[in-house]
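Q: Residue numbers (my numbering): 4 to 185.
Glycine is no exception: its CB is placed at the ideal position from the N, C-alpha and C atoms.
A quick note: this is a predicted structure, and the numbers were derived from the prediction, not measured.
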């Protein structure tokens with residue numbers, strides 16, 4: 004009797020055919036509107052911290068190094084992909100990607116750090132984004148300093164005392180160091 008029931012099970016399975024996806028070899032296409040890991044467009048972000056204030060999992064941390072520099076850190080290991088950060092972003096700098104398979108051994112692989120130069124209106128204090136149309140605007144936006152190695156390389160060397168190689172050897176200008184950096 005048990006042999007007949009086993010034969011019936013085999014016949015039922017063979018009649019149905021393949022009912023699962025060949026998943027690891029052929030990944031399934033995600034549907035439109037799928038919410039995966041958030042992705043940032045640092046050119047659009049004004050650093051208003053609306054995403055950090057509305058994140059239910061508290062995955063976005065905001066730290067001000069000084070009045071002009073704001074650091075935003077996204078911890079992808081805690082994110083639930085709810086999409087609240089993308090909904091509240093006034094500049095649409097955050098969008099939900101289609102990536103959701105993010106298994107990794109290193110937490111830094113799924114973390115994002117943004118260092119933003121803050122522009123604030125002198126009248127209302129609201130953050131805004133400055134259009135960069137030429138090199139001078141770009142240097143002003145990033146906080147140009149004549150002794151900064153990054154920007155000194157853009158300008159032709161006029162004297163040897165301000166050459167890029169000399170500035171690399173000196174310690175006259177250093178970016179502020181946060182607690183976690185060395």
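Just to confirm my understanding: we take residue 92, look at its own chain, exclude 5 residues before and 5 after, and list those with CB closer than 7 angstroms. What are they?
A: Position 89 of the chain shown, counted from the start, is the residue given in the question as residue 92. So the qualifying residues of the chain are 53, 54.
Q: Are the CB atoms of residue 89 and residue 75 nearer to each other than 9 angstroms?
A: Stepping through the chain shown from its first residue, residue 89 is reached at position 86. Stepping through the chain shown from its first residue, residue 75 is reached at position 72. No.
Q: Less than 9 angstroms separating the beta-carbons of residue 96 and residue 65?
A: To locate residue 96, count along the chain shown from 1; it is residue 93. To locate residue 65, count along the chain shown from 1; it is residue 62. The answer is no: Cβ separation not under 9 angstroms.
Q: Where does residue 173 fall in DSSP's three states?
A: Position 170 of the chain shown holds residue 173. In this prediction, residue 173 scores a pLDDT of 49, lower than 50, which makes its location untrustworthy; no coordinate-derived value is stated.
Q: I'd like to confirm the pairing. Which residues does DSSP put opposite residue 64 in its beta bridges?
A: Position 61 of the chain shown, counted from the start, is the residue given in the question as residue 64. According to DSSP, residue 64 bridges with 76.
Q: Around the C-beta of residue 81, are 16 or more other C-beta atoms found within 10 angstroms, so that it is buried, or is it exposed?
A: In the chain shown, residue 81 corresponds to position 78, counting from 1. With fewer than 16 other Cβ atoms within 10 Å, it is exposed.
Q: Going straight from the alpha carbon of residue 127 to that of residue 121, what length do you get?
A: As a position in the chain shown, residue 127 is number 124, starting the count at 1. As a position in the chain shown, residue 121 is number 118, starting the count at 1. So the alpha carbons of these two residues sit roughly 14 angstroms apart.
Q: Please classify residue 13: does DSSP put it in a helix, a strand, or coil?
A: Here the question's residue 13 lines up with position 10 in the chain shown. Residue 13 falls in the helix class under three-state DSSP.
Q: When you compare each of 9, 19, 116 to residue 67 by their alpha carbons, which one comes out closest?
A: Indexing the chain shown from 1 puts residue 67 at position 64. If we check each option's Cα against that of residue 67, 116 comes out closest.
Q: Quick one: what's got a C-beta closer than 7 angstroms to residue 94's C-beta in the same chain, skipping five residues either side?
A: Within the chain shown, residue 94 is the residue found at index 91, counting from 1. So the qualifying residues of the chain are 47, 48, 49, 132.
Q: In angstroms, rounded to a whole number, what distance separates the CA positions of residue 26 and residue 33?
A: Indexing the chain shown from 1 puts residue 26 at position 23. Indexing the chain shown from 1 puts residue 33 at position 30. Near 13 angstroms, if we compare the C-alpha coordinates of residue 33 and residue 26.
Q: Please classify residue 8: does DSSP put it in a helix, a strand, or coil?
A: Reading the chain shown from its first residue, position 5 is the one you call residue 8. In the structure shown, residue 8 sits in a helix (DSSP, three-state: H, G or I).
Q: Just the C-alpha distance for residue 41 and residue 105, rounded to the nearest angstrom, thanks.
A: As a working note, residue 41 is residue 38 in the chain shown. As a working note, residue 105 is residue 102 in the chain shown. Spanning the two alpha carbons is a distance of roughly 12 angstroms.
Q: Using CA coordinates, which residue listed in 77, 87, 107 is at the minimum distance from residue 59?
A: Numbered from its first residue, the chain shown carries residue 59 at position 56. Minimum Cα distance to residue 59 is reached at 87.
Q: Buried or exposed, going by whether 16 or more other CB atoms sit within 10 Å of the CB of residue 61?
A: Counting from 1 along the chain shown, the entry for residue 61 is found at position 58. Per the 10 Å Cβ criterion, exposed.
Q: Just how far apart, CA to CA, sit residue 72 and residue 110?
A: Numbered from 1 along the chain shown, position 69 holds the residue referred to as residue 72. Numbered from 1 along the chain shown, position 107 holds the residue referred to as residue 110. Distance between the alpha carbons of residue 72 and residue 110 is about 25 angstroms.
Q: For residue 39 versus residue 84, is the C-beta spacing smaller than 9 angstroms?
A: Looking up residue 39 in the chain shown gives position 36. Looking up residue 84 in the chain shown gives position 81. Cβ distance < 9 angstroms, so residue 39 and residue 84 count as in contact.
Q: With DSSP as the reference, please indicate the residues paired to residue 121 in a beta bridge.
A: As a first step, residue 121 must be located in the chain shown, where it is residue number 118. BP columns for residue 121 are empty, so no partner.
Q: Over what stretch of residues does the alpha helix (DSSP H) that includes residue 55 continue unbroken?
A: Numbered from its first residue, the chain shown carries residue 55 at position 52. Unbroken alpha helix (DSSP H) run through residue 55: 53 to 57.
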